[in-house]
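Below: one structure, written as structure tokens.
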């Protein structure tokens, strides 16, 4: 007898088609039968060792977080309710060009320091891997939800070239090609870049194109955090479209927003650019989170020249009066490339986390507010905080536009990504709330998307981008990564005031046929594993 039958569910199967009522049978980690109510009264209903009454609940595929920063959280926190409770059954990590494989001992230490604001210092982690394959093997020991990995181009450049702002030599470029090829062979699904973060931002288009050719040869995709989401946003999008078309590589645009005052109401221009490329045969998708503020590190705002050479050189420049004044001028007057070419507005920069608990008083306040309290200029406050906390502070950047968010999420190639940073005392609520916020706010309350359409955005579309032949739909034979939610009550519990509150209205989540959320509570199941690239 089969393990489980989910009885009388309203199935929203991920395809975008209308919902239907059915019994869904799960056995051996897969969906083995779907018996629709329309089969007729004479049809014998399936039986199983366990029956779950799903009356009033929607059954859908598990949600795919196309942009996650859980690279260490998956290892550090077996509970991982921040994502499991949202109905997320698969995360894509290795984002924004910086992560922890492939590395050598030198690169690992540098990367740990550079992205401590995203993932913590890692002092509590046994870094017993160096290659992509070894990292995926580590995930295979058991994690809360599944994870796919993108090769981080910035880490690859740090490994082969270092943190200097210069072109790679032919030998170094060959080494980067080799590292990308090895990572793809070992199971990565593509490559990411952080082109406003060092050292990835130092790569010219020709270098990126060569690496994308390698990714394309393995059937992977390129996921850039491109060079500007501000003053040069449209040009940056055009650059990525042209680059990947030259390389013959699929393109997935990370957290595809149009931010800052210069881009208010300009989402239609971005969508027109994408539509033209799609009509001409380009393979493009994108992800967004359903909020207006962004989230990154305070150090990411600095101009690229100040970050050359790695984190220790940044600290040295901040401590030097002449270099610090040059940084201030670039930030406040010129418009730093780290701040997307827009002069920084300190009243939009809210400190969301610090590494040193003694600096907790800064958290939850903008830099401008803290400066006013201290009776000093905001740059003095920001500089002092960066030095005192050794570049660890994370920020919320309140620069987005609701009309842009809504327009982009309607697009036919849109998928969902939390960009969730789980570090800090006051993280962005998207880390705990992205997927129920889509369903509660933008489906039920605002009607921006229909339920069926939204579920497709969060399930089958990302599964297709990841080339997963047996995930993303409620279909017989598919992996039983499933979520049951109440469409009348599903909502994000997290808010900017209380960002770590879990969602409501999601009582059951299954990963590989095992309950990770049951009756609204986290079980002890570690059913997730690394999801490796399907060979082209």
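Numbering (this note's numbering), first residue to last: 845 to 1380.
Beta carbons: idealized from backbone N, C-alpha and C, even for Gly.
Which of helix, strand or coil DSSP assigns to residue 935
strand
With 16 as the cutoff for other CB atoms within 10 Å, does residue 1210 come out buried or exposed?
buried
Under the assumption that residue 1056 contacts residue 1088 (Cβ atoms under 8 Å), give the Cβ distance between them as a whole number of angstroms.
6 Å
Endpoints, beta strand (DSSP E) assigned at residue 853
846–855
Assign residue 1125 to buried or exposed, taking buried as 16 or more other Cβ atoms, counted over all protein chains shown, within 10 Å of its Cβ.
exposed
Using the three-state DSSP reduction, which class does residue 909 fall into: helix, strand or coil?
strand
For residue 852, which residues of its own chain have a beta-carbon under 6 Å away from its beta-carbon, when the five flanking residues on both sides are left out?
898, 899
Can you grab the Cα-Cα spacing for the pair residue 907 / residue 1251, in whole Å?
21 Å
Can the beta-carbon of residue 1243 be found closer than 8 Å to that of residue 1278?
no
Cβ pair residue 1037, residue 998 closer than 8 Å:
yes
Cβ-based neighbour list, residue 952, same chain, cut-off 8 Å, excluding 5 preceding and 5 following
944, 971, 974
Could you check which residue in 879, 896, 1306 has the C-alpha nearest to that of residue 888?
879
Rounded to whole angstroms, what is the Cα-Cα separation between residue 1028 and residue 938?
13 Å
What whole-angstrom Cβ distance do residue 1230 and residue 1143 have, given they're in contact under 8 Å?
6 Å
Figure out for me which residue from 1377, 1084, 1372, 1248 has the closest Cα to the Cα of residue 987.
1372
Does the Cβ-Cβ distance between residue 1370 and residue 1352 come in under 8 Å?
no
Rounded straight-line distance, which links the Cα of residue 1233 to that of residue 1216:
20 Å
Which partner residues of residue 866 appear in the DSSP bridge assignment?
853, 880
Give the list of continuous alpha helix (DSSP H) stretches no shorter than 4 residues that lie fully inside the segment 1295–1343.
1295–1302, 1304–1309
By DSSP, does residue 1140 sit in helix, in strand, or in coil?
strand
Going by the beta-carbon positions, is the gap between residue 1325 and residue 933 smaller than 8 Å?
yes
Is it the case that the segment 1080–1095 contacts the segment 1114–1131, given that we only count it when at least three CB pairs across the two stretches are under 8 Å?
yes
Residues near residue 911 by beta carbon distance below 7 Å, same chain, minus five either side:
936, 939, 1098, 1099, 1131, 1261, 1262, 1263
So if DSSP puts residue 989 in a beta bridge, which residue, or which two residues, is it bridged to?
DSSP output for residue 989 lists no bridge partner at all.
Hey, out of 1270, 930, 1177, 1151, whose CA is closest to residue 1350's CA?
930
State yes or no: is the C-beta of residue 1031 within less than 8 Å of the C-beta of residue 1376?
yes
Between the CA atoms of residue 1024 and residue 947 - distance to the nearest angstrom:
12 Å
Using a Cβ-Cβ cutoff of less than 8 Å, which residues in the same chain neighbour residue 923 once the five nearest sequence positions on both sides are dropped?
988, 1366
What's the call for residue 956, buried or exposed, on a 16-neighbour Cβ count within 10 Å?
buried
CA-to-CA distance, residue 863 to residue 1288, given in whole angstroms
15 Å
DSSP bridge partner residues for residue 1241 (one or two, in chain order):
1138, 1193
Could you tell me which uninterrupted beta strand (DSSP E) segments, each at least 3 residues in length, are contained entirely in the segment 1187–1235, listed from first to last along the chain?
1193–1197
List in chain order: all unbroken beta strand (DSSP E) runs of 3+ residues lying wholly within the segment 992–1036.
none
In the structure shown, what three-state DSSP assignment does residue 1067 receive?
strand
Figure out for me which residue from 1071, 1378, 1315, 1331 has the closest Cα to the Cα of residue 1357.
1315
Using only the alpha-carbon positions, how far apart do residue 1303 and residue 1194 sit?
32 Å
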